[in-house]
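Add 8 to a position in the sequence shown, counting from 1, and you land on the number used in the working numbering.
Below you'll find the structure, written out as structure tokens, and then a few comments.
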Amino acid sequence: MARTAVVIGGGHNGLVAAAMLAKAGLSVTVLEADGEVGGGARTVEIMPGVRVPGLAHVLHLLHPQVISELDLDQSGLQYAAPDIDTVALDARGRNLVISRDRGELAGKDLAAGEQAAWARLNERLSRFAGALAPMLAEPPPRLASSNLAENLKLARLGLRIRRLGRADMREFLRIALMNVADLLDEELTDERLRGAVAFDAVLGSHLGPRSPGSVLGLLYRMAGEVLGERGARAIPQGGMGGVVKAIAEAGERAGVRTVVSAPVERIIVRGDRAVGVELATGDEIAADLVVSAIDPRTTFLDLVGVEHLDIGFTRRVRNIRARGNVAKLHLVLDGLPSFNGLDRLNHDGRLVVAPSVEAVERAFNPAKYGQYSPEPLLEMTIPSIVDPTLAPPGKHVLSALVQFAPYDLAGGWDGAREKFADLIVATIARYAPQIQNQIAHRELLTPVDIERRYRMPGGHWHHGELAPDQMLMLRPVPGAAQYDTPIPGLYLCGAGCHPGGGVTGVAGLNAARRILAKEKRA
């Protein structure tokens with residue numbers, strides 16, 4: 009009889025893990041608390057006939073091994089735009105276009121030598137990100153292990169860095185834990201470019217460009233690829249929900265059973281082993297393996313219970329930092345907006361409002377004290393330009409990630425939500441003056457709203473801050489950093505695991521491989 013597994017949570021990582029386990033012959037059931045799978049990668053309808061990417065809106069980290077292992081191309085994974093430009097917007101129309109090949113700049117008043125300086129920096133950072141990229145698709149090594157395989161992982165990491173060459177190896181070690189502002193001070197002069205790069209380094213985190221470790225965040229984002237192009241960004245057909253649909257279909261082909269509107273109340277532990285789950289209805293589902301795709305704090309503190317865990321481990325779990333700092337704005341527009349000085353052909357790219365490194369740091373400062381930024385930073389897309397299935401003819405949708413918006417806002421978000429939404433729209437209007445007259449509907453999700461809607465504690469899409477002390481073998485905490493947990497039969501596979509959040513599928517892939525390797529040895 010086939011071994012059984014229950015996967016808690018139907019986000020993309022849970023679906024990837026389920027599909028991988030089912031392909032290997034296990035009988036797998038996915039339990040999703042909401043009425044549909046996908047989590048923050050869903051495409052949602054906010055008006056009749058109008059759909060928007062619920063949270064994630066640009067694809068750049070979906071791992072090629074996930075695509076190949078699950079044959080997602082055969083499941084309908086398609087790109088409405090396979091490699092989009094990034095446009096650093098300027099209120100005066102002096103926009104800077106960072107082209108699809110990642111090395112070309114186009115814009116007014118570009119200083120002599122800046123193109124070459126950017127090409128050198130971008131190429132060097134891409135090499136460093138490429139050296140780190142193989143680590144994404146394998147469990148992080150265990151430190152101080154006597155196991156030969158674990159020591160080989162550490163050796164391979166060192167060898168990849170050493171293969172960069174002596175000069176690059178020294179440079180990598182110099183900048184890896186550096187702050188991105190200092191790096192940009194050394195390399196670039198154009199404030200539009202510096203601001204856009206600094207924004208990428210801190211997006212989704214509680215860091216400013218002068219925070220130590222922000223270079224590491226930039227390298228993490230650059231480690232992704234689309235269709236073999238490192239650093240490329242894509243808009244999926246059907247929004248991010250198109251990716252989820254392809255993964256879910258791969259699972260269905262393998263025999264995965266998915267149950268929605270089925271919140272899990274408790275992980276059943278008997279004889280110090282996970283043996284199944286209890287639903288909110290009181291029904292119990294027995295399983296040989298329990299795999300949690302939800303965040304580690306909820307998994308251990310709420311579903312397992314501290315009575316089954318060591319005090320020191322419980323303390324580490326409680327101290328996982330996961331306070332979101334990003335809001336999500338959706339606008340339904342009566343027509344295509346026009347941005348100052350921007351060619352209409354470039355409206356289909358990734359539009360960034362981050363005027364300078366100093367502007368990014370100033371925007372971060374209030375968040376340290378529980379205030380939202382009076383000059384918010386934005387990453388915007390208008391996906392309906394390249395994917396007309398999202399909106400009826402004549403209408404468009406604008407999707408924006410808004411940084412910085414602290415989860416723990418002083419005074420709470422209930423009385424501040426609309427004021428902040430007004431501020432964001434006013435900010436966009438500085439770059440697209442007529443947009444306020446085009447808005448047919450708007451929706452702002454604060455980190456608190458993101459927490460409620462997508463069951464992400466703290467409203468943090470990484471399920472835990474992506475910082476040096478919460479990465480690799482320290483993620484989510486020592487004792488649960490290789491997808492195993494202190495409870496035999498219970499595994500983790502969500503964004504709180506290595507390598508982190510974003511629509512990657514890698515945590516689910518790595519966890520399934522880890523489980524199957526242990527099953528083979530058992």
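From the three backbone atoms N, C-alpha and C, an ideal C-beta is built for every residue, glycine too.
Identify whether residue i lies in helix, strand or coil by the three-state DSSP scheme.
{"i": "Leu133", "result": "helix"}
{"i": "Thr12", "result": "strand"}
{"i": "Ala424", "result": "coil"}
{"i": "Thr94", "result": "strand"}
{"i": "Leu67", "result": "strand"}
{"i": "Val456", "result": "helix"}
{"i": "Val361", "result": "strand"}
{"i": "Arg238", "result": "strand"}
{"i": "Pro484", "result": "coil"}
{"i": "Val272", "result": "strand"}
{"i": "Pro345", "result": "coil"}
{"i": "Glu473", "result": "coil"}
{"i": "Gly467", "result": "helix"}
{"i": "Pro244", "result": "strand"}
{"i": "Gly419", "result": "coil"}
{"i": "Gly121", "result": "coil"}
{"i": "Gly46", "result": "strand"}
Return the first residue and the last residue of the beta strand (DSSP E) that residue i is part of.
{"i": "Gln411", "result": "404 to 411"}
{"i": "Ala41", "result": "Counting along the chain, Ala41 falls outside any beta strand (DSSP E), and DSSP gives it neither H nor E."}
{"i": "Arg104", "result": "A quick correction: the sequence has Leu, not Arg, at residue 104. Leu104 -> beta strand (DSSP E) spans 104 to 106."}
{"i": "Tyr499", "result": "498 to 500"}
{"i": "Pro61", "result": "58 to 61"}
{"i": "Val267", "result": "265 to 267"}
{"i": "Ala89", "result": "87 to 89"}
{"i": "Ile54", "result": "51 to 55"}
Going by DSSP, what residue range makes up the alpha helix (DSSP H) through residue i?
{"i": "Val283", "result": "Segment 281 to 287 is the beta strand (DSSP E) holding Val283; no alpha helix (DSSP H) there."}
{"i": "Val223", "result": "222 to 230"}
{"i": "Val251", "result": "248 to 262"}
{"i": "Glu194", "result": "188 to 195"}
{"i": "Val24", "result": "20 to 31"}
{"i": "Arg182", "result": "174 to 183"}
{"i": "Ala209", "result": "199 to 210"}
{"i": "Leu517", "result": "514 to 529"}
Can you check whether the CB of residue j is closer than 9 Å to the CB of residue i?
{"i": "Arg59", "j": "Ala399", "result": "yes"}
{"i": "Ala282", "j": "Val272", "result": "no"}
{"i": "Thr322", "j": "Arg358", "result": "no"}
{"i": "Pro494", "j": "Asp310", "result": "no"}
{"i": "Glu40", "j": "Gly22", "result": "yes"}
{"i": "Ile447", "j": "Asp342", "result": "yes"}
{"i": "Met464", "j": "Gly46", "result": "no"}
{"i": "Ser541", "j": "Arg265", "result": "Here the chain covers residues 9 to 530 and nothing more, so residue 541 does not appear."}
{"i": "Leu104", "j": "Leu181", "result": "no"}
{"i": "Trp469", "j": "Val334", "result": "yes"}
{"i": "Asp296", "j": "Gly497", "result": "yes"}
{"i": "Pro217", "j": "Val368", "result": "yes"}
{"i": "Ile92", "j": "Arg229", "result": "no"}
{"i": "Leu224", "j": "Leu133", "result": "no"}
{"i": "Leu543", "j": "Phe207", "result": "Nothing about residue 543 can be reported from this structure: the residues present for the chain run from 9 to 530 only."}
{"i": "Gly504", "j": "Arg521", "result": "no"}
{"i": "Arg100", "j": "Gly115", "result": "no"}
May I ask you to list the residues that DSSP assigns as paired with residue i?
{"i": "His449", "result": "Val340"}
{"i": "Asp6", "result": "There is no way to answer for residue 6, as the model of the chain reaches only from 9 to 530."}
{"i": "Leu113", "result": "Ile106"}
{"i": "Ser35", "result": "Thr12"}
{"i": "Glu77", "result": "Beta-bridge pairing links Glu77 to no other residue."}
{"i": "Met143", "result": "Bridge partners of Met143: none, in fact."}
{"i": "Ile169", "result": "Paired residue(s): none; Ile169 is not in a bridge."}
{"i": "Ala432", "result": "Here residue 432 is Ile; the residue named in the question, Ala, does not match the sequence. Answer by DSSP bridge pairing: none, since Ile432 is not bridged."}
{"i": "Arg278", "result": "Arg281"}
{"i": "Glu233", "result": "Arg238"}
Extract the residue ranges of the alpha helix (DSSP H) inside the stretch 282 to 343, only unbroken runs of 4 or more that lie entirely within it. Counting only runs that start and end inside the stretch 282 to 343, the alpha helix (DSSP H) elements of at least 4 residues fall at 319 to 326.
At 3 residues or longer, and completely inside the stretch 368 to 399: list those beta strand (DSSP E) runs for me, N to C. Whole beta strand (DSSP E) segments, 3+ residues: 385 to 389.
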